[in-house]
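According to our numbering, numbering within the sequence shown proceeds without interruption in unit steps and concludes at 302. Using N, Cα and C, we set each Cβ at its ideal position, and we do this for glycine too.
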Amino acid sequence: MSSLSCLVVGAFVAVLLVLILVPLSFSYIDYYDYGGAKTLSASRKTTGAVDVDNVYTSGRYMLGPDKKFVKYQADAHVESFENFGVFSATLSNESIGLEFWVDVDFTFFLVEEEIGLLHKQLARNYRNVILSRAREGIKNAAAQDVTFTEFFQNRSEVELLFRKAVQDRWDVAPSLHCELDQFHLGRIRIPQSVARKQIEREQTQVEVNKINLSTNKELRTAHAEASLIKTKAIARAKLIKAQAQINGTSLLLEAAGIESQDHKTVFSYIKTLRDREQLSIDVSYLSEDNVLRTNPL
């Protein structure tokens with residue numbers, strides 16, 4: 006009986022161990038994680054080596070009770086820099102540009118094939134290193150290539166420049182094993198002193214425009230009034246001249262004893278022809294039938 010009892014107890018223990026160890030041997034990776042197998046120490050309080058050669062994606066794996074996964078985020082990392090201070094570029098090497106505060110939002114993915122290297126080189130500190138390099142890239146790009154006006158006049162180009170600067174900084178050896186996905190340059194703010202000067206400049210420009218408009222209006226009004234006065238004066242002069250010619254002609258005809266209406270008409274006609282600048286004629290004589298005879302000059 007004792008032998009049978011031992012056998013039963015042994016079988017029970019074996020079954021119990023199987024029931025306990027088999028579930029413990031399975032490890033799970035969710036769809037939003039990558040995993041690397043990590044061997045536990047005997048005390049289970051400290052970790053052993055991590056298999057950096059194999060990267061596990063979502064699924065269930067039987068690794069054994071002495072291993073578990075070191076997990077890294079597989080989906081997009083969403084990051085933001087708010088009120089991030091940068092300096093603009095300057096044309097002088099002896100001074101720095103103006104300080105700006107920008108909001109930047111971006112996402113990045115870890116490279117699946119390089120998760121092992123990521124763990125080996127950076128481990129859990131990878132996020133801090135990635136963000137630190139992103140800040141460096143943006144700061145350097147702004148100080149070297151973006152002037153004050155470009156922050157506002159070429160916003161899309163500045164965004165592309167910052168995006169490239171971040172990725173280039175990540176790719177510098179040792180690489181950070183990540184790829185930039187979305188990148189958005191948000192709000193841009195300038196120092197209060199610069200803002201006040203800008204407002205003063207705009208207000209001054211508005212006042213200058215008002216003065217220029219008023220001056221132009223007065224000039225146009227003066228030109229119009231002068232033109233009207235000149236036109237009236239010319240018309241008045243022509244009227245006086247015509248009246249004087251009429252009076253002079255009447256006095257001449259009267260002094261010459263020309264009383265016939267036909268003779269007066271002929272005289273007026275000849276005078277009119279002689280006064281026309283586009284005609285060149287010489288009046289030689291009048292025929293007995295009062296027909297005007299002319300010779301070309």
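TODO: Count the CB pairs spanning the segment 161-172 and the segment 119-128 that are closer than 8 Å, and state whether there are at least three.
DONE: No, they do not touch.
Open item on the list: Quick check on the burial criterion: 16 or more other C-beta atoms within 10 angstroms. Buried or exposed for Ile120?
Closed with: With a threshold of 16 other beta carbon atoms within 10 Å, Ile120 meets it and is buried.
- [ ] Give the secondary structure of Phe156 by DSSP, where H, G and I count as helix, E and B as strand, and everything else as coil.
- [x] helix
- [ ] Would you kindly work out how many angstroms separate the C-alpha atoms of Thr270 and Ile251, rounded to a whole number?
- [x] 13 Å
Open item on the list: Counting beta carbon pairs with one atom in the segment 132-139 and one in the segment 205-214, are three or more of them shorter than 8 Å?
Closed with: no
Open item on the list: Suppose contacts are defined by Cβ-Cβ distances below 8 Å. Is Val83 in contact with Thr62 by that definition?
Closed with: no
Open item on the list: Out of Asp110, Gly253, Gln78, which one is the CA nearest neighbour of Phe89?
Closed with: Ranking Asp110, Gly253, Gln78 by Cα distance to Phe89 puts Asp110 first.
Open item on the list: For Ala146, tell me which candidate among Gln158, Glu87, Ala170, Asn133 has the shortest Cα-Cα distance.
Closed with: Ala170
Open item on the list: Within a Cβ cutoff of 6 Å, which residues of the same chain sit near Phe188, ignoring the five residues on either side of it in sequence?
Closed with: Phe111, Arg168
Task: Top-ranked residue by Cα proximity to Gly253, from Val60, Val91, Ser273 - done: Checking every option, the nearest Cα to that of Gly253 belongs to Ser273.
TODO: With DSSP as the reference, label Asp80 as helix, strand or coil.
DONE: Asp80 falls in the coil class under three-state DSSP.
- [ ] Identify every residue that forms a DSSP beta bridge with Asp110.
- [x] Ser85, His189
TODO: List the DSSP bridge partners of Cys183.
DONE: Paired residues: Leu115.
Task: Sheet register partners of Glu104 (DSSP bridge) - done: The partner list for Glu104 (beta bridge, DSSP) reads Phe92.
TODO: Please state if the CB of His124 and the CB of Val177 are separated by a distance shorter than 8 Å.
DONE: In this structure, Val177 keeps its C-beta atom at 8 Å or more from the C-beta atom of His124.
Open item on the list: Could you tell me the alpha carbon to alpha carbon distance between Ser8 and Leu115, rounded to whole angstroms?
Closed with: 59 Å
TODO: May I ask you to list the residues that DSSP assigns as paired with Arg241?
DONE: Bridge partners of Arg241: none, in fact.
Task: Counterpart residues of Arg194 in DSSP-defined beta bridges - done: Trp106
Open item on the list: In whole angstroms, give me the CA-to-CA distance for Glu87 and Trp106.
Closed with: 8 Å
Open item on the list: When you compare the CB positions of Gly191 and Ala148, do they come within less than 8 Å of one another, or not?
Closed with: No.
Open item on the list: Mapping the DSSP letters down to three states, classify Gly142 as helix, strand or coil.
Closed with: helix
- [ ] Measure the alpha-carbon distance for Ile245 versus Val213 and round it to whole angstroms.
- [x] Straight-line measurement puts the Cα of Val213 at about 47 Å from the Cα of Ile245.
Open item on the list: Please classify Lys157 as buried or exposed, where buried requires at least 16 other C-beta atoms within 10 Å of its C-beta.
Closed with: Per the sequence presented here, residue 157 reads as Phe, with Lys not at that position. Exposed, by the Cβ-count rule.
- [ ] Go through its chain and collect everything with a Cβ distance to Ser93's Cβ below 7 Å, but skip five positions before and after it.
- [x] Gly102, Leu103, Phe105, Ala147, Val151, Thr152, Phe153, Phe156
Task: The alpha helix (DSSP H) enclosing Gly121, as first and last residue numbers - done: 120-126
Open item on the list: With H, G and I counted as helix, E and B as strand and the rest as coil, what does DSSP make of Thr226?
Closed with: helix
Open item on the list: What does the Cβ neighbour count give for Arg241, buried or exposed, with the cut at 16 atoms within 10 Å?
Closed with: That one is exposed.
TODO: Using three-state DSSP, classify Arg49 as helix, strand or coil.
DONE: Residue placement at Arg49 cannot be trusted, given a pLDDT of 40 that sits under 50; the coordinates are not used to answer.
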